[in-house]
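Trainee: The sequence shown begins at 1 in the UniProt record's numbering and counts up one residue at a time. Sharing a structure here in structure tokens format.
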Amino acid sequence: MSNPTAPKLALADAIRALAMDAVQQANSGHPGAPMGMAEIAQALWAGNLRHNPKDPAWANRDRFVLSNGHGSMLIYALLHLTGYDLPIEELKNFRQLHSKTPGHPEVGITPGVETTTGPLGQGLGNAVGMALAEALLAAEFNKPGHTLVDHHTYAFTGDGCLMEGISHEVCSLAGTLKLGKLVVLYDDNGISIDGHVEHWFADDTAKRFEGYGWNVIRGVDGHDVAAVDAAIKQAKSQSAKPTLIVCRTVIGKGSPNMAGTHNVHGAPLGKDEIAATRAALGWSSEPFQIPQDIYDGWDGRKAGAAAQAEWQSAFNAYAAEFPSEAAEFARRMKGELPAGYAEQFQAFLNATLDKAETVATRKASQFAIAALAAALPEMLGGSADLTGSNFTDWKGVAAVRAGEQGIQFGRHINYGVREFGMAAIMNGVALHGGYLPFGGTFLTFSDYSRNAIRMAALMKQRVVHVFTHDSIGLGEDGPTHQSIEHASSLRLIPNLSLWRPCDTAETAVAWNAAVTRPASIGMDVHDGGPTALLLSRQNLPFVPRDAATVAAIARGGYVLRDAEGARAVIIATGSEVAIALDAQAQLAKEGVAVRVVSMPSTDVFDKQDAAWKQSVLPKGLPRVAVEAGVTAFWHKYVGLEGAVVGIDRYGESAPAGALFKFFGLTADKVAETVKQVL
Numbered sequence: 001m002s003n004p005t006a007p008k009l010a011l012a013d014a015i016r017a018l019a020m021d022a023v024q025q026a027n028s029g030h031p032g033a034p035m036g037m038a039e040i041a042q043a044l045w046a047g048n049l050r051h052n053p054k055d056p057a058w059a060n061r062d063r064f065v066l067s068n069g070h071g072s073m074l075i076y077a078l079l080h081l082t083g084y085d086l087p088i089e090e091l092k093n094f095r096q097l098h099s100k101t102p103g104h105p106e107v108g109i110t111p112g113v114e115t116t117t118g119p120l121g122q123g124l125g126n127a128v129g130m131a132l133a134e135a136l137l138a139a140e141f142n143k144p145g146h147t148l149v150d151h152h153t154y155a156f157t158g159d160g161c162l163m164e165g166i167s168h169e170v171c172s173l174a175g176t177l178k179l180g181k182l183v184v185l186y187d188d189n190g191i192s193i194d195g196h197v198e199h200w201f202a203d204d205t206a207k208r209f210e211g212y213g214w215n216v217i218r219g220v221d222g223h224d225v226a227a228v229d230a231a232i233k234q235a236k237s238q239s240a241k242p243t244l245i246v247c248r249t250v251i252g253k254g255s256p257n258m259a260g261t262h263n264v265h266g267a268p269l270g271k272d273e274i275a276a277t278r279a280a281l282g283w284s285s286e287p288f289q290i291p292q293d294i295y296d297g298w299d300g301r302k303a304g305a306a307a308q309a310e311w312q313s314a315f316n317a318y319a320a321e322f323p324s325e326a327a328e329f330a331r332r333m334k335g336e337l338p339a340g341y342a343e344q345f346q347a348f349l350n351a352t353l354d355k356a357e358t359v360a361t362r363k364a365s366q367f368a369i370a371a372l373a374a375a376l377p378e379m380l381g382g383s384a385d386l387t388g389s390n391f392t393d394w395k396g397v398a399a400v401r402a403g404e405q406g407i408q409f410g411r412h413i414n415y416g417v418r419e420f421g422m423a424a425i426m427n428g429v430a431l432h433g434g435y436l437p438f439g440g441t442f443l444t445f446s447d448y449s450r451n452a453i454r455m456a457a458l459m460k461q462r463v464v465h466v467f468t469h470d471s472i473g474l475g476e477d478g479p480t481h482q483s484i485e486h487a488s489s490l491r492l493i494p495n496l497s498l499w500r501p502c503d504t505a506e507t508a509v510a511w512n513a514a515v516t517r518p519a520s521i522g523m524d525v526h527d528g529g530p531t532a533l534l535l536s537r538q539n540l541p542f543v544p545r546d547a548a549t550v551a552a553i554a555r556g557g558y559v560l561r562d563a564e565g566a567r568a569v570i571i572a573t574g575s576e577v578a579i580a581l582d583a584q585a586q587l588a589k590e591g592v593a594v595r596v597v598s599m600p601s602t603d604v605f606d607k608q609d610a611a612w613k614q615s616v617l618p619k620g621l622p623r624v625a626v627e628a629g630v631t632a633f634w635h636k637y638v639g640l641e642g643a644v645v646g647i648d649r650y651g652e653s654a655p656a657g658a659l660f661k662f663f664g665l666t667a668d669k670v671a672e673t674v675k676q677v678l
């Protein structure tokens, strides 16, 4: 690695120049953080970060997260200067259409960007997930005399990230789990968009993190490269606790008239102030021009290649002694499923069909988890303090715990009552690679984690959300816990695949769809991303099917029960499929033939070809949809002339059976509605 302290200011000033030039050219952006954190970035990236610009996917690289992602020109400048495939032309196109330098960093768009940040606090949560994945992989794969997994996770964060409630959730858990290779550098500049934060953020942040069980290094001069370098090395010298380095800085450092003010946070400096800043810094280069000696000082390619080569040699020695473990590690870091997985799943599905059990789909999910966990050692489960209700554990699984000698390996995480934090941490685990994370809570609490679910969808990450207690079927807990609008709302998130299965067979297929979604980032596929499974608390009857009908489940919507001369179609999901079947039987007695379509996944059904969709929902047949939730979404399928049986108000506290009857979610009501549309 190069010496991060020499030259003291010139390397940092290159960041300042690129940041103010790019923001000025775009007439949009946030120059304050890059200019204020330039020395912090120099200390980390020019002397401590183990990375290889020629191979951004190197498995044992240190991970870097810019949690305060609005300062994106900081990471773009660093990636360009250190030798990543990010030419100066891309910096000139900052914030422009189809550039590799979007307004906030996006994983899969820019080489070297580890996660998409911008919604404040979530990058910090992703970093905790990455550090957790590193610790678990080390505990799982490292052997005496062979250290295969050994890297740090670094995050830059500002006041905004630490004001967000998610920062408490994830940093509390990180301290509890003693994630000692997590290092967070806090840009303590006292400024946010509205001005001086002392009027609304007067916390003693250092004490707060000490209370979490973190190692806190206070009072570091964030503009002294040597001081920041020493603090980073101090943080790395211990592995018992995560570290917060509190760096006092001046936002917009270098700007004679705007530094230290909120005016420099999120707007261009202007040509006159940029000229004054250049003069004050002694920076004589033209816009977007960097002297060669500065490039040479930043270049991380030689050191990065040497570090990766050293690791590769260690990996080869590991593989010679532990060939199966080495192959397993390589497979999992690529996100590939093991050979023979399809056959193992089919065997489980066949057994599920043979058992024909009537159970709650949350229990059916646990059956699937147990089977898949045996086939997929990368599956890493958890729950936001509802394990006994979500059924996200399985027989014999060990819990992740902090130990005296590092983390105790397990495959189930007790996230505590931290739904948002759990979702962001799972995103970080998925981004790191090596694990397939899933976590559970009640569906109504998806509201807490929604933005992290959206980020997983934006990043196309393979994360599975197990949402149980999916309707008024929750019963006596009442409207605070009963989901009404949640299923329809989640269906609106692009790239999020949502399944609401009706029995054990559909639940098994839903789980298989979740784990077989593409896992790699930046893929030219439309189908990558997270999955939400919406599961019942109450028992649901198993529905017998022939082989062709079982195969059709994977298409998201299919004919579950047909009728000769059908005059209408009933579309149902989840617990309401049984109601639809009862309504079909009731109408048949009255001489009215109807088809029942189960549509556990509307997004998967929508991706089918026109011929399939026409075969399931023929044009000209009146349609009635039934789901224990808001009705508006379903007019997409029934049209304005069709009808929807649902619930457009909040629930009540009562036994589930009484509620379904009270709200008209009954076979009688569905049958009557069918007759009304005929």
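Backbone N, C-alpha and C define an ideal beta-carbon position, used for all residues, glycine too. Computed from a predicted structure; not experimentally measured.
How many angstroms separate the CA atom of Lys661 from the CA atom of Ser575?
Mentor: 14 Å
Trainee: Thinking Asp203 and Arg248 are a contact (beta carbons under 8 Å), I'd like their distance in whole angstroms, please.
Mentor: Contact flag wrong, Cβ pair sits at about 15 Å.
Trainee: Does DSSP classify residue 706 as helix, strand or coil?
Mentor: Coverage of the chain is limited to positions 1 through 678, which leaves residue 706 absent and any answer about it impossible.
Trainee: At the level of alpha carbons, what is the spacing between Asp524 and Thr507?
Mentor: Residue confidence for Asp524 is low, a pLDDT of 44 falling below 50, so the modelled location carries little weight; the figure read from the coordinates is stated next. Roughly 28 Å separates the two Cα atoms.
Trainee: Going by C-alpha to C-alpha distance, which of Ser255, Trp298, Ala267 sits closest to residue 687?
Mentor: Since the first residue shown for the chain is 1 and the last is 678, residue 687 is missing from the structure and cannot be characterised.
Trainee: Under three-state DSSP, which class holds Met379?
Mentor: strand
Trainee: If you compare alpha carbons, which of Leu386, Gly396, Lys241 is closest to Ala374?
Mentor: Gly396
Trainee: Just to confirm my understanding: we take Asn257, look at its own chain, exclude 5 residues before and 5 after, and list those with CB closer than 8 Å. What are they?
Mentor: Glu273, Ala276
Trainee: Exposed or buried, Trp200, counting other C-beta atoms within 10 Å across all chains shown (16 or more means buried)?
Mentor: exposed
Trainee: Can you tell me the Cα-Cα spacing of His98 and Ile88, whole angstroms?
Mentor: 15 Å
Trainee: Assuming Leu136 is part of the alpha helix (DSSP H), what are its boundary residues?
Mentor: 122-141
Trainee: If we count the other Cβ atoms within 10 Å of its Cβ and call it buried at 16 or more, is Asn427 buried or exposed?
Mentor: buried
Trainee: With respect to 7 Å, is the separation between the Cβ of His80 and the closest non-hydrogen atom of the ligand MN below this value?
Mentor: For the structure depicted, the ligand MN is absent and the ligand set is empty, with no information on it obtainable.
Trainee: What ranges does the alpha helix (DSSP H) occupy inside the region 600-663, keeping only unbroken runs of at least 4 residues that lie completely in it?
Mentor: 602-606, 610-616, 635-638, 656-662
Trainee: Using 8 Å for Cβ pairs, my map puts Gly565 next to Asp603. What's the rounded Cβ distance?
Mentor: Actually they are not in contact, since the Cβ atoms of Gly565 and Asp603 sit about 31 Å apart, beyond 8 Å.
Trainee: Starting from Asn27, follow the alpha helix (DSSP H) in both directions and report where the run begins and ends.
Mentor: Taken as a continuous stretch (DSSP letters only), Asn27 belongs to no alpha helix (DSSP H), as it is neither H nor E.
Trainee: Do you know whose CA, among Ala38, Gly304, Leu436, lies nearest Thr516's CA?
Mentor: Checked all of Ala38, Gly304, Leu436; the closest Cα to Thr516 is Leu436.
Trainee: Helix, strand or coil for Trp394? Go by DSSP, reduced to three states.
Mentor: In this structure, Trp394 counts as coil in the three-state DSSP scheme.
Trainee: Would the beta-carbon of Thr392 fall within 8 Å of that of Val466?
Mentor: yes
Trainee: Would the beta-carbon of Val550 fall within 8 Å of that of Ala505?
Mentor: yes
Trainee: With 8 Å set as the bound, which would you pick, yes or no: does the beta-carbon of Gly416 sit closer than that to a beta-carbon of chain D?
Mentor: Of the protein chains in the structure, only one exists, and it is not chain D.
Trainee: Distance check for Gly639 and Leu386, CA to CA, integer angstroms please.
Mentor: 39 Å
Trainee: Using the beta-carbon count (16 or more within 10 Å), is Ile521 buried or exposed?
Mentor: Here the model assigns Ile521 a pLDDT of 47, short of 50, so the residue's position is not dependable and the matter cannot be decided.
Trainee: At 4 residues or longer, and completely inside the region 272-356: list those alpha helix (DSSP H) runs for me, N to C.
Mentor: Every alpha helix (DSSP H) of 4 residues or more that sits fully in the region 272-356 is shown, in chain order, as 292-298, 301-321, 323-334, 341-355.
Trainee: Is Asp221 helix, strand or coil by DSSP?
Mentor: Strand at Asp221.
Trainee: Between the Cα of Ala135 and the Cα atoms of Lys178, Thr101, Leu173, which residue gives the shortest distance?
Mentor: Comparing Cα-Cα distances from Ala135 to each of Lys178, Thr101, Leu173, the minimum goes to Lys178.
Trainee: Count the other C-beta atoms from every protein chain shown that fall within 10 angstroms of the C-beta of Pro494, then say buried if there are 16 or more, exposed otherwise.
Mentor: exposed
Trainee: Looking only at DSSP bridge pairs, what is Tyr154 linked to?
Mentor: Phe64, Val183
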